[in-house]
Amino acid sequence: MSDSEDDVVLSKRVKTNGSVKKESSDDDVPLGQLSQGSRPHESSASEYDSDENITKTAAKKIKKKPNKRKAEGKTSEPASKKVKKQPSQSAKTKTKPKKEKKVKEETPIKAETPGKDDEEDDGVGYKWWENQLDDDSVKWETLEHNGVIFPPEYEPLPSHVKLLYDGKPVDLPPFAEEVAGFFGAMLETDHAKNPTFQRNFFHDFQKVIEECGGCGVEIKDFEKCDFTQMFNYFEGKRLEKKLISAAEKKKIKAEKDAFEEPYKTCLLNGRKEQVGNFRIEPPGLFRGRGAHPKTGKLKRRVQPEDVILNLGKDAKVPPPPEGHEWGEVRHDNTVSWLAMWRENISNSVKYVRFAANSSLKGMSDYKKFEKARELKNHIEKIRKDYRTMLKSNLMLERQIATATYLIDVFALRAGGEKSDDEADTVGCCSLRFEHVTLTPPQTVAFDFLGKDSIRFYQEVEVDPQVFKNLKLFKRLPKGPGDDLFDRIDPSVLNKHFQTYMTGLTAKVFRTYNASKTMQDQLDLIPNEGTPAEKVVKYNAANRTVAILCNHQRSVSKGHETSMQKISDRLKEMLWQKIRLKKMMLMLDKKLEKKKPKFFEELDDLTKEDEAHIHKQIIIREREKYEKKFKRENDKRAENKEDQLPESQLKEWLGKVDQLEKDYKNELKTGKPLLPDNITIEKLEQQIEKLEGRIASTTLQMKDKEDNSQVALSTSKINYIDPRLSVVFCKKWNVPLEKVFTKTLREKFKWAIESVDENWRF
């Protein structure tokens, strides 16, 4: 096929014995009229990802551009199951919601009939990964839990705290007052200053007032609403909380923990397992991520009648709050959720699931990464086929091949159709004309909002045939607003992938490519240097994966302050080192001639620098003793002991006053005060320790700066096989806690205990 033929409209070109005739394939039939079948589960919150050559080449070709992220809080993961409102009748006659596509999450573990000892088992030492079964249809045999915790009922504001409308106080009904309070508490935040947030809030606020039968005043104009009194009241409450004594805070926490304790665990097949988020979300104003069109809308209070519980048939049903009934009680052992309800903002389903460190969640993670590992047996065949299909006579096949290339090489998400009331985020299949700019001979600029409204901007070089295809997909009469891939969607793409491997979806490519890239990067790390230096190299490898997956974030508000603190700490350590060297010279003046290079940095700090360091140390020491005095007296009050006298605090602060005098004298003379029994050998040992701390802190500072716009945790938790991190630590003798937090060590216990340093992805 000649290059020019690539630009011919494909629906008018099919080669038959050298001639071109109109295509009669059903590939141009609207997708809805194609043969129906159960479509694979579409792309969602946790997605999957390159073979060595392709990934490395792609990573080198990416030209980094400034990325902007508008992150505004957290939202729950998209629900894949729709739940219809159930009438009040027996569970057997109720119409069940449409079942979600079976995503193989867990493997059931058949337990012995639990006895009393089994019920007390907390799951410690249970190694499910050593005893897996292949049946995915049944998740558990017995399941008992205590339901969910609802947020407290609304407490009306004091009578003197009012919403002012046009300068006059308004007596709002409790429900309307609660909604007004949501906005009042946020008055000084960026959200409350967002016009979309204000518009959505005010619309729902007016609706609530109408539901309550009015408030005696017709509230029509948002600009006439004054929430200042409410804001001041809530600010006062926040300050009161801060001033609570440590003993009182401890008591409140103990009471809260005691109340929540029964909800934190459940009995799964007779074993005690941790439950994830067992609290129902409190009502409030929806924030959303990025430029979400629904930001500011009212998240309504969830009632027990909205909640569906899932339990074993013989389990005791936990009692609902007084005066209420559960929406439904089910006994479905083919799913791994404990409770669910539908929220009103996006009409999506929220779930209470097992905790991240539970056996079922561990099995789900294990199977996800094993599925990605399985792809390595098929990836070469897939790549060979899609490179052939890039020149196919059928538009459908060309679009499938081009989309597969972009997903494989550049780790694009599959993408799905969005409704008008959702944020305008796109993926590969939903790319529009304006999201792709072509610059000959083969440079493509992608610019669109990806998941969570994070901007995806990359200029990359693509395969020449891919460039030609994208040019063809953008041909007139297409223009801004038109879909680039108008023949396919994620379900069509995933159905194609199923022909290569059972369970293969666009998501699996993402996990595969992320883990394969991490394996390749870790292979390049030499076994040399300190553990801190190795961790920096590990983070650099992780960063390569995060960039590939477009896991970006905006620079945090506190980043600059944090970097300044590290810089100040480094400067203080340098001052300490210079000070120790000055002490050495005070003990032996001849040392400077013997080791001139060793003493070169004596003049690296100015008098102003030293004075600033002295001032910071004195401030820190005063704060330390004042906090110590308060902490000691809080403990004594808790134990009903006599309080420390004020004279004790004065004695401690007197030491700081003396230190301040010593520093002033040191600044004047340039000679620090020599400690008793100090020797040159001891000073050299202290300098050596300081140099190690300086080197380690300098590495941390560089690492922090490099990662300021990249979210490492997303790829580490969801896309990189955790066994790779475990192998890295075991192979290079790096403490696991340097790479995994305590929470991740519990979540990935299966990975930690199932591999040695020779395991490979």
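In the working numbering, the protein residues as written are -11 to 749. C-beta: ideal position from N, C-alpha, C; glycine also. Owing to the predicted nature of the structure, the values given are computational and were not obtained by experimental measurement.
State the DSSP-derived secondary structure class of residue i, mapped to helix, strand or coil.
i: cysteine 213; result: strand
i: lysine 643; result: helix
i: methionine 489; result: coil
i: glutamine 430; result: coil
i: glutamate 449; result: strand
i: arginine 748; result: coil
i: valine 263; result: strand
i: proline 162; result: helix
i: lysine 181; result: helix
i: arginine 608; result: helix
i: valine 414; result: coil
i: valine 317; result: strand
i: lysine 301; result: coil
i: leucine 175; result: coil
i: isoleucine 137; result: strand
i: leucine 568; result: helix
i: leucine 590; result: helix
i: glycine 169; result: helix
i: leucine 286; result: strand
i: arginine 619; result: helix
i: threonine 425; result: strand
i: glutamine 186; result: helix
i: glutamate 143; result: coil
i: proline 478; result: helix
i: proline 710; result: helix
Whose C-beta lies closer than 8 Å to the C-beta of residue i among residues of the same chain, with five residues either side of it excluded?
i: aspartate 105; result: Note that aspartate 105 scores 39 on pLDDT, short of 50, meaning its location in the model is unreliable; the coordinates nonetheless yield the value given after this. Excluding residues within five positions, none has a Cβ falling inside 8 Å.
i: glycine 469; result: Arg420, Phe421, Glu422
i: methionine 689; result: Met551, Ile554, Ser555, Leu558
i: valine 340; result: Val136, Val263, Gly264, Asn265, Phe266, Trp325, Leu326, Ala327, Met328
i: glycine 467; result: Phe421
i: glutamate 693; result: Met551
i: methionine 174; result: Ala180, Leu273
What distance in whole Å lies between the Cβ atoms of residue j and residue i, which are believed to be in contact at a cut-off of 8 Å?
i: lysine 504; j: threonine 322; result: Wrong, their Cβ atoms sit about 33 Å apart, outside the cutoff.
i: proline 292; j: glutamate 313; result: 6 Å
i: glutamate 734; j: asparagine 257; result: In fact, because the Cβ distance is near 20 Å, the residues do not count as touching under 8 Å.
i: histidine 539; j: threonine 702; result: 4 Å
i: valine 715; j: tryptophan 738; result: About 14 Å; that fails the 8 Å criterion.
i: phenylalanine 215; j: alanine 168; result: 7 Å
i: tyrosine 251; j: asparagine 134; result: 5 Å
i: lysine 595; j: leucine 655; result: 7 Å
i: histidine 484; j: isoleucine 395; result: In fact, because the Cβ distance is near 11 Å, the residues do not count as touching under 8 Å.
i: threonine 390; j: asparagine 457; result: 5 Å
i: methionine 218; j: glycine 155; result: Methionine 218 to glycine 155, Cβ: 15 Å. No contact.
i: isoleucine 476; j: leucine 384; result: 7 Å
i: arginine 624; j: leucine 632; result: 7 Å
i: alanine 235; j: cysteine 203; result: Contact doesn't hold; Cβ gap of about 43 Å is too wide.
Using a Cβ-Cβ cut-off of 7 Å (strictly less than) and excluding sequence neighbours within five positions of residue i, which residues of its own chain qualify?
i: isoleucine 333; result: Phe274, Lys282, Lys285, Lys287
i: glutamate 521; result: Leu687
i: glutamate 580; result: Leu573, Phe587
i: valine 743; result: Arg711, Val714, Val715
Can you tell me which residues form a DSSP beta bridge with residue i?
i: cysteine 717; result: None, per the DSSP bridge assignment.
i: methionine 328; result: Ile296, Tyr339
i: tyrosine 153; result: Lys156, Cys213
i: phenylalanine 444; result: Phe436
i: aspartate 471; result: Arg420
i: glutamate 132; result: Leu255
i: leucine 273; result: Leu286
Leaving out five residues before and five after residue i in sequence, what residues of the same chain have Cβ atoms less than 6 Å from its Cβ?
i: histidine 547; result: Ser696
i: isoleucine 370; result: Tyr488
i: glutamate 249; result: none
i: glutamate 418; result: The residue asked about is misnamed: residue 418 is serine in this sequence, not glutamate. Taken in chain order, the residues that qualify are Gly403.
i: tryptophan 640; result: Tyr613
i: valine 722; result: Pro519, Lys522
i: valine 317; result: Leu297, Val305
i: proline 157; result: Lys150
i: glutamate 609; result: Val644
i: arginine 289; result: Pro271
(request) Would you list, in sequence order, the uninterrupted alpha helix (DSSP H) runs of no fewer than 4 residues that lie entirely inside the stretch 336 to 412? (result) 347 to 362, 367 to 377, 383 to 398
(request) With a floor of 4 residues, list each alpha helix (DSSP H) that falls wholly inside the stretch 193 to 237, ordered by position along the chain. (result) 216 to 230
(request) Go through the stretch 504 to 561 residue by residue and report every complete run of the alpha helix (DSSP H) that reaches 4 residues or more, in order. (result) 519 to 536
(request) Let me know the alpha helix (DSSP H) ranges lying completely inside the stretch 629 to 704, each 4 residues or longer, listed in chain order. (result) 634 to 657, 668 to 694
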